Amino acid sequence: MSGTSDQTAEARKSDFARLARSSVRLISALQDESGAYPASPTFSAYRGYCWFRDGSFIADGMSSAGEVDSASRFFDWCSAILKERSDSVRQIVDRAEAGDPVPDKQMLPTRFTLSGADGDDDWWDFQLDGYGTWLWAVAEHSKRHGLSLERWRSGIELTVQYLASSWDRPCFDWWEENPDQVHVSTLGCIAAGMSAAADSGILSVELSELASSTSQRATSRILSEGIVNGHLAKWLGSDQVDASLISIMSPMGVVSPSSEIGHSTISEVNSQLNVEGGVHRYLADTYFGGGQWPLLSCFLGLAFADAHETNKALDQLNWATGTADSNGTMPEQVPSHLLDPSRKQEWVERWGTAANPLLWSHAMYVRLAVELGIIEGKQ
Ligand code: BGC
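Dropping the structure here:
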């Protein structure tokens, strides 16, 4: 980063703080009374739904900004969903143990309506990462604010059993694609969640051992089959990177950002996918033409912050700030640098313009702003 952009970022810290604070207000205002965070209240394909993945990172951002009750209410929503599906979880676990796993369609969905029901639209629903991420996020929340996990115990126990039975199944990735692969970021989210649950003190000895051994198995799978040319790979056996891989270093810490693998992965994502602060999902992305995602810019910023590269982290926050429109709302992606412009229109025709606001974008902005001391909070 040049000295000039260092100075620009420094001078803009009050703008960053303003957007971070208004982001917290926006998320609070849009949180449903059930505790669910709508992914995007207006975008046709997401309206009325809350994802375990988006929601868990949103709750983590809110928790870091001191919004304890908001995050707790989201975790209540997760836990209630799991309890209501305890019979399904039991069946999934029993069938996996008997060597006759249920088909993908009978696994738990990735998203639910705001009131916690299964959706009735077709969706790429079988994704395991969000279940790991909620375990990680609820444990972080409890550590950060000294809260007992008792309130979420049943949900945590059911999730541990669910993931222990099914952690290595191929499923859709963070981007709801490539269902035939085992994705490294998915394994990382599971490892992070299971290790956090094992260490949380809320589980019986038996469940804690199950969570810990599953976490270790997922991590060894990453290290033995999920590395290519010294960096983490998009899926086991792939030679590509994906920006979602950053999350399993920062903030989840499954792979240390300062380890050799961590360092190579950050530098590969940075050189292949970061264009002037705006981060693409992966090189072959064509969704809405394959734009740059502010939430991914903020994940990369968190990794830079962890590596004590504060100016680079500020640069990421600075870029993300520029994606907010005149109402202060942040989109899922911006089209200023498209990987495949010829593919944008088909998505606009199908679903309308890209999601805005996307609550996950706002939450990652908040999380990075807290990390960098731009607003008060607890990392
Ligand atoms: C993204 C998912 C996200 C969902 C809701 C999809 O386009 O690929 O990662 O969970 O939108 O925000």
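The sequence shown begins at 0 in numbering that gives the first Met the number 0 and counts up by one. Idealized CB from N, CA, C, for every residue including glycine. All values derive from a computational prediction rather than experimental measurement.
Not a single heavy atom of the ligand BGC lies less than 6 Å from the C-beta of A136. The C-beta separation of S39 from W76 comes to about 17 Å, leaving the pair out of contact by the 8 Å criterion. H140 sits away from A79, with the two beta carbons spaced by 7 Å or more. Taking the CA atoms as reference points, A353 sits about 7 Å from P330. In the structure shown, Y364 falls within a helical segment according to DSSP collapsed to helix, strand and coil. Secondary structure of Y130 (DSSP, three-state): helix. Looking from the CA of S164, the closest CA among L127, F298, Y364 and D179 belongs to L127. Between the alpha carbons of D339 and R349 lies a distance of about 17 Å. With contact defined as three or more Cβ pairs closer than 8 Å, the segment 195-209 and the segment 234-241 are not in contact. With respect to the 7 Å criterion, G65 and R366 are not classified as neighbours on the basis of their beta carbons. Of the other Cβ atoms in all chains shown, 16 or more fall within 10 Å of the Cβ of D124; this residue is therefore buried. In the assembly as shown, S257 is an exposed residue. Its beta-carbon has fewer than 16 other beta-carbons within 10 Å. Secondary structure of N273 (DSSP, three-state): strand. Per DSSP, Y36 is not a residue of any alpha helix (DSSP H), being assigned neither H nor E. Those residues that have a beta carbon less than 7 Å away from any non-hydrogen atom of the ligand BGC are, in order along the chain, A38, S39, Y45, W50, R52, D53, W173, W174, E175, Y286, E331, A354, L357 and W359.
Rounded to the nearest angstrom, the gap between the Cα atoms of G47 and T112 is 6 Å.
For W50, there is no enclosing alpha helix (DSSP H); the enclosing beta strand (DSSP E) covers residues Y48 to W50.
Beta-bridge partners of R110 (DSSP): W50. In this structure, K377 and R143 form a Cβ contact; the two beta carbons are roughly 5 Å apart against a cut-off of 8 Å. Where M193 is concerned, the enclosing alpha helix (DSSP H) starts and stops at V183 to D198. Take Y45, set aside five residues on each side of it, and the residues of its chain with a beta-carbon closer than 7 Å to its own are A38, S39 and A354, in chain order. With contacts defined by Cβ atoms closer than 7 Å, L134 and G54 do not form a contacting pair. Burial check for A28: the Cβ neighbour count within 10 Å stays below 16, so the residue is exposed. In the three-state DSSP reduction, W234 falls in the strand class (E or B). In this structure, the straight-line span from the alpha carbon of A97 to that of L313 is close to 51 Å.
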